[in-house]
Amino acid sequence: MTQTDRFHALDAVRAFVLLLGVVFHASLSFTPDIPVGLWAIKDSSPSPAIGALGFVAHIFRMSLFFLIAGLFARMMVHRKGVRGFWSDRGTRIVVPLIVGWLVLAPTLTAIWIWGLTKTFGGTMPAPPADMPPPPVGAFPLTHLWFLYYLLILYVLVLVGRAIVLKFDQQGTIRRSVDVAVGALVRTGTAAIVLPLPLIAAVLTAPAWQPVAGIPTPDRSVVPEFMSLAAYGSAIVFGWFVHRQIGVLHVWARQWPLHLGAAVALTLMCLSYRHEGSAAVAVAYGVAIWCWSFGLLGLAMRCVSRPMASVRYVADASYWIYLVHLPIVVALQVWVGHLSWHWSLKFSFILVVSFVVLFSSYHYLVRSTLIGQVLNGRRYSRGIRHAVPGVEHADVRASHAADPDAGEPASPLAALSGVHQRYGKTVALAGLDLDVRRGEVLAVLGPNGAGKSTAIALWLGLREPDSGSARLFGRSPLDVETRRSVGVMMQDVTLTPELRVRELIDLTASYYSDPLTVDETLALTRLERLAHRPYGTLSGGQKRQVQFALAVCGRPSLLFLDEPTVGLDVSARETMWRTMRALRAGGCSIVLTTHYLEEAEALADRVAVLAGGRLVTSGSVASVRSLVSRKEISCATTLAVEQVQAWPHVVSAARDGRRLLITAVEAEDVVRRLLAADDGAQDLEVRQAGLAEAFTELTREVA
Amino acid sequence: MTTWVTSVQPVAAMPMRRVLRAYAIEVKYEALRVWRMPSMSVPFLLLPAPMYLFFSVMLSAPAVAETPALANYLFSGWLVFAAMMPALFGAGCTLAIERDGGLLTLKRALPAPAGVWLIAKTLVAMMFTALAVTSVIAAALLTSTTTLSVGQLVIMAVVVVIGSIPFCALGLFIGAHVSGAAAPAVGNLVFLPMLWLSGMFFPLPGALERLVVLWPAFHLNQVSLGLAGVTEYSYLPPQWSVGALVGVAVLFGGLAIRRLARKG
Chain H
1 MTQTDRFHAL
11 DAVRAFVLLL
21 GVVFHASLSF
31 TPDIPVGLWA
41 IKDSSPSPAI
51 GALGFVAHIF
61 RMSLFFLIAG
71 LFARMMVHRK
81 GVRGFWSDRG
91 TRIVVPLIVG
101 WLVLAPTLTA
111 IWIWGLTKTF
121 GGTMPAPPAD
131 MPPPPVGAFP
141 LTHLWFLYYL
151 LILYVLVLVG
161 RAIVLKFDQQ
171 GTIRRSVDVA
181 VGALVRTGTA
191 AIVLPLPLIA
201 AVLTAPAWQP
211 VAGIPTPDRS
221 VVPEFMSLAA
231 YGSAIVFGWF
241 VHRQIGVLHV
251 WARQWPLHLG
261 AAVALTLMCL
271 SYRHEGSAAV
281 AVAYGVAIWC
291 WSFGLLGLAM
301 RCVSRPMASV
311 RYVADASYWI
321 YLVHLPIVVA
331 LQVWVGHLSW
341 HWSLKFSFIL
351 VVSFVVLFSS
361 YHYLVRSTLI
371 GQVLNGRRYS
381 RGIRHAVPGV
391 EHADVRASHA
401 ADPDAGEPAS
411 PLAALSGVHQ
421 RYGKTVALAG
431 LDLDVRRGEV
441 LAVLGPNGAG
451 KSTAIALWLG
461 LREPDSGSAR
471 LFGRSPLDVE
481 TRRSVGVMMQ
491 DVTLTPELRV
501 RELIDLTASY
511 YSDPLTVDET
521 LALTRLERLA
531 HRPYGTLSGG
541 QKRQVQFALA
551 VCGRPSLLFL
561 DEPTVGLDVS
571 ARETMWRTMR
581 ALRAGGCSIV
591 LTTHYLEEAE
601 ALADRVAVLA
611 GGRLVTSGSV
621 ASVRSLVSRK
631 EISCATTLAV
641 EQVQAWPHVV
651 SAARDGRRLL
661 ITAVEAEDVV
671 RRLLAADDGA
681 QDLEVRQAGL
691 AEAFTELTRE
701 VA
Chain U
703 MTTWVTSVQP
713 VAAMPMRRVL
723 RAYAIEVKYE
733 ALRVWRMPSM
743 SVPFLLLPAP
753 MYLFFSVMLS
763 APAVAETPAL
773 ANYLFSGWLV
783 FAAMMPALFG
793 AGCTLAIERD
803 GGLLTLKRAL
813 PAPAGVWLIA
823 KTLVAMMFTA
833 LAVTSVIAAA
843 LLTSTTTLSV
853 GQLVIMAVVV
863 VIGSIPFCAL
873 GLFIGAHVSG
883 AAAPAVGNLV
893 FLPMLWLSGM
903 FFPLPGALER
913 LVVLWPAFHL
923 NQVSLGLAGV
933 TEYSYLPPQW
943 SVGALVGVAV
953 LFGGLAIRRL
963 ARKG
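Here the protein sequences come in this chain order: H and U.
Residues 1 to 702, numbered by my numbering, are exactly what the first sequence covers, in order.
Residues 703 to 966, numbered by my numbering, are exactly what the second sequence covers, in order.
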């Protein structure tokens, strides 16, 4: 997996939580739980449904935001160094915080006064007599508090990093933490352990209720403990996630579990949102991380590829979140006392807000200095940027995913230094193997050599214990990467109740641009079996159908694991012919086989595995030439036993009049043969075949 | 012969239209598959209504005459029964068979959309549940053995069809852990005791009565009765039972997914 894979997904999630913030603030005037006077206006059409929506959004959006911020922070520190990091953050955090506050705070104050005046019948209400004193360091941070907390947490994290670097020069502590973080994520317990600081803070806070969530720390420049605990643990965890970014793929697998648990816990919190018991606090804390991991995992599954629309929204989201509040609140105040249904008002506020916000981004920000400051780049007007830019997804990495855009020799699939064990059995021991564009690669080896394990790694069915597996320069775990791959496995039983054309239709549906069912049947010469249920086919016919499923998606890389086992001669020749046609059309093929004549007939390159290692790879001729054996054949009267005793003779056998000799130094043996029998006739000497070479090479390893 | 031309282009995300089509096709063929398996489709569709008529209409007639509300309780129980079979066996056994045959491993290697088989199995189980539930409702209406209104029947049917999801999760959990040959037996080891111990059909001894809350069938029955407004046999608030069913779905579904992600 390249970094790019992850960051498209993370960009999308960050944009989602920022835009969700707009929805959250739009919901507040409709929320029945909010007392009059706390928000600029309380709408005349309150809605429990919108209140629940706001409640759910408030559970996780900021924690998830800070987690991603921690991850990006470490990425930037490693890319630019600490000085470069602060330079960047100064531009993109400090400047928006200061300039934004100077513009937004007075605007918001004016709108707030308008709303409160409207609420209280034309006059501003007097402060309540029992109003608590202002907190220490009172200052209206507004919704820009998150920028202020980001700066504080950046300082704390980098100070902590400096201390660790000073006292942990061997990296022992960091490795231990990595192991712990990895274990927490893989076992699914991270969602339970991570909220512990927040739960502790909640349980020590007086009269906390889930309805308040993590209280917004926007009233003072003195950091609040609960917010620091919640968002500090998020940003630190994000930092550690970047140290072993592969854990994102664990979440990609676990997302249904996390989202399911999040929904259940959220329902519980909603039911008891006015009760501050320990059980509800725990449920709330765990829900935060279940939502966060579930959404991250879902994004990894669905939006890990570069998409121009997602990138546009991701770029726009920062600006939108910064400036949305005056627009949203002004609209809330405007419609607050109208007699429309709440659904109409809420939709109106959201639609108008987003139209105004996206338009302002497009025309005032994207190609201006503001865009440069906020997003690190200024887009030219009128030029469509299909490839995302610098911070989030670098062009270099995107090209790595593009087989045509990479270097000419870049492999389509690669295993690099891969180790894989099954218990005590070593399946692969540091295997390096590439598949190049347009070639047929035959992977040969005795049983247990690691052939099927290698294919399983390329297909993302396993993750290597160490080393890396790449498919088109990306992680094979990414489903989109496998969209260009066809697979025929060694042992598989397809659904016996379905007919052949139904199976093809089903498999083709997984691909973007597949062959039609009829084209697939024609290509693989299976028209006569089209309407037969799979369960009624012979073993050889089943293999042919499996081959049809492998090619129906029009793959550019085809994995065939012993494809011709059980086929008769005619069917095998048909399959070979199809494979040659595929190769001629630009399809690369990885073929494992025990039929060495198959490899000789089809392969451009042969890789011989034994004991989990690559013994050799090269063209069939070059592999044969590695073996010094030659086969000598002639008509002679010499006895087999006599010849076998000669030096350099590996074996000798008689076939009628002819004597067949396998020899290491063939020239010496021929000279001796002619000296011993001057009547020898029909002498033939030939290079050992692939079969002999294979046997010798793998025996040497054994 | 078809001309083969493949271009090694960057892998683009599949358009949403095709992703949705992939889900639809998976559901279609999963339904076709179960339909073509008489060992599944026949009991799923043809068993619940006769069972309801035999046990709840014929055998329970004296008890119902004494306590008329019992008829609705038993009716709801048979709706739950109709939901349990396709969910437990339809989802679980087919999954176990696919695992045995390596089909699930193949699907993991193919670019199938996320959770496509899981969604297909769940939806197909719900579809068969809907058909089976309809047959039980038809039997009840034809024999006039229920006093429930049409609205109440619709609510019960919808609840039970949606409520089959936790049983699907349970079936998937079984299918993810045992072989294809053992799955029906293990399924029955869960199914048959649950029928009795959930208290839907037979009075239970006092000690076992307290344990009915452990069985999801009891909770689905409670939700069905509670949301349809049948108060006589509602022992728990529906939201509690919904919580229990969601918990079962999340727990067993999660464990099944986790197992399958690791072992295929």
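Backbone N, C-alpha and C define an ideal beta-carbon position, used for all residues, glycine too.
What does residue i reach in chain H if we use C-beta pairs closer than 7 Å?
| i | result |
| --- | --- |
| Gln671 (chain U) | Coverage of chain U is limited to positions 703 through 966, which leaves residue 671 (chain U) absent and any answer about it impossible. |
| Met829 (chain U) | Ordered by position in chain H, no residue passes the 7 Å Cβ test against Met829 (chain U), which lies about 16 Å from the chain. |
| Met739 (chain U) | Glu497 |
| Leu808 (chain U) | Val487, Met489, Val492 |
| Tyr731 (chain U) | Leu498, Glu502, Leu506 |
| Glu768 (chain U) | The contacting residues do not exist; Glu768 (chain U) stays about 38 Å from chain H at best. |
Report all residues from its chain with a CB closer than 7 Å to the CB of residue i; omit the five preceding and five following residues, and keep chain order.
| i | result |
| --- | --- |
| Lys451 (chain H) | Val443, Gly445, Thr592, Leu609 |
| His242 (chain H) | Leu71, Arg74, Met75 |
| Trp289 (chain H) | Ala190, Ala191, Leu194, Pro195 |
| Trp898 (chain U) | Phe904 |
Let me know the secondary structure DSSP gives residue i once reduced to three states.
| i | result |
| --- | --- |
| Gly956 (chain U) | helix |
| Val485 (chain H) | strand |
| Tyr534 (chain H) | helix |
| Pro388 (chain H) | Model confidence at Pro388 (chain H) stands at a pLDDT of 34, short of 50, so the residue's coordinates are unreliable; what they give is reported in the following sentence. Correct three-state label for Pro388 (chain H): coil. |
| Ala784 (chain U) | helix |
| Phe139 (chain H) | coil |
| Ser63 (chain H) | helix |
| Gly656 (chain H) | coil |
| Leu461 (chain H) | coil |
| Asp568 (chain H) | coil |
| Arg243 (chain H) | helix |
| Glu768 (chain U) | helix |
| Phe559 (chain H) | strand |
| Ile214 (chain H) | coil |
| Asp33 (chain H) | coil |
| Gln420 (chain H) | strand |
| Val707 (chain U) | Because Val707 (chain U) carries a pLDDT of 47, less than 50, the predicted location of this residue cannot be relied on, and the following value inherits that uncertainty. Correct three-state label for Val707 (chain U): coil. |
Residues of chain H with a CB under 8 Å from the CB of residue i: which are they?
| i | result |
| --- | --- |
| Leu805 (chain U) | Val492, Thr493, Leu494, Thr495 |
| Ile959 (chain U) | Arg253, Gln254, Pro256, Leu257 |
| Gly945 (chain U) | Ala264, Leu267, Met268 |
Residues in its own chain within less than 6 Å of residue i by CB, not counting five upstream and five downstream?
| i | result |
| --- | --- |
| Met1 (chain H) | Any answer about Met1 (chain H) is weak, because its pLDDT of 41 lies below 50 and its placement is not dependable; what the coordinates show is given next. Here the set comprises Ser475. |
| Arg525 (chain H) | Thr574 |
| Ala766 (chain H) | Since the first residue of chain H shown is 1 and the last is 702, residue 766 (chain H) is not available in this structure. |
| Leu53 (chain H) | Ser27 |
| Pro695 (chain H) | According to the sequence as given, residue 695 (chain H) is Thr; it is not Pro. Once the five neighbours on either side are set aside, Thr695 (chain H) has no close Cβ partner at all. |
| Val932 (chain U) | Asn774 |
| Ser47 (chain H) | Phe30, Trp342 |
For a contact meaning CB atoms closer than 8 Å, what does residue i contact in chain U?
| i | result |
| --- | --- |
| Ser271 (chain H) | Gln941 |
| Ser277 (chain H) | Ordered by position in chain U, no residue passes the 8 Å Cβ test against Ser277 (chain H), which lies about 16 Å from the chain. |
| Ala261 (chain H) | Val952, Gly956 |
| Met307 (chain H) | Ala715 |
| Arg301 (chain H) | Ala816 |
Looking only at C-alpha atoms, which of the options sits nearest to residue i?
| i | options | result |
| --- | --- | --- |
| Gly69 (chain H) | H:Lys118, H:Ser45, H:Leu18, H:Val56 | Note on identity: in this sequence residue 69 (chain H) is Ala, with Gly being the wrong assignment. Ala69 (chain H) has its Cα closest to that of H:Leu18, out of H:Lys118, H:Ser45, H:Leu18, H:Val56. |
| Ala330 (chain H) | H:Ala126, H:Ala234, H:Thr117, H:Gln420 | H:Thr117 |
| Lys42 (chain H) | H:Val77, H:Ala57, H:Phe65, H:Phe120 | H:Phe120 |
| Ser29 (chain H) | H:Trp342, H:Ile98, H:Ile214 | H:Trp342 |
| Val615 (chain H) | H:Val99, H:Asp432, H:Leu150 | H:Asp432 |
| Ala183 (chain H) | H:Gly430, H:Val247, H:Leu529 | H:Val247 |
| Arg583 (chain H) | H:Asn375, H:Glu439, H:Asp178 | H:Glu439 |
| Gly612 (chain H) | H:Pro133, H:Glu562, H:Ala429 | H:Ala429 |
| Asp561 (chain H) | H:Ile589, H:Gly84, H:Phe65, H:Gly585 | H:Ile589 |
Strictly below 9 Å CB to CB, what residues from chain U border residue i?
| i | result |
| --- | --- |
| Asp43 (chain H) | Under the 9 Å cutoff, chain U gives no residues; its nearest Cβ is about 27 Å from Asp43 (chain H). |
What residues from chain U crowd round residue i, counting only those whose CB sits closer than 7 Å?
| i | result |
| --- | --- |
| Val545 (chain H) | Here the premise fails: no neighbours, minimum Cβ distance about 12 Å. |
### Message
I want to know whether the segment 792-801 of chain U touches the segment 813-830 of chain U - three or more CB-CB distances under 8 Å.
### Response
yes
**Asked** With a cut-off of 8 Å, do at least 3 Cβ pairs link the segment 250-270 of chain H to the segment 218-230 of chain H?
**Response** no
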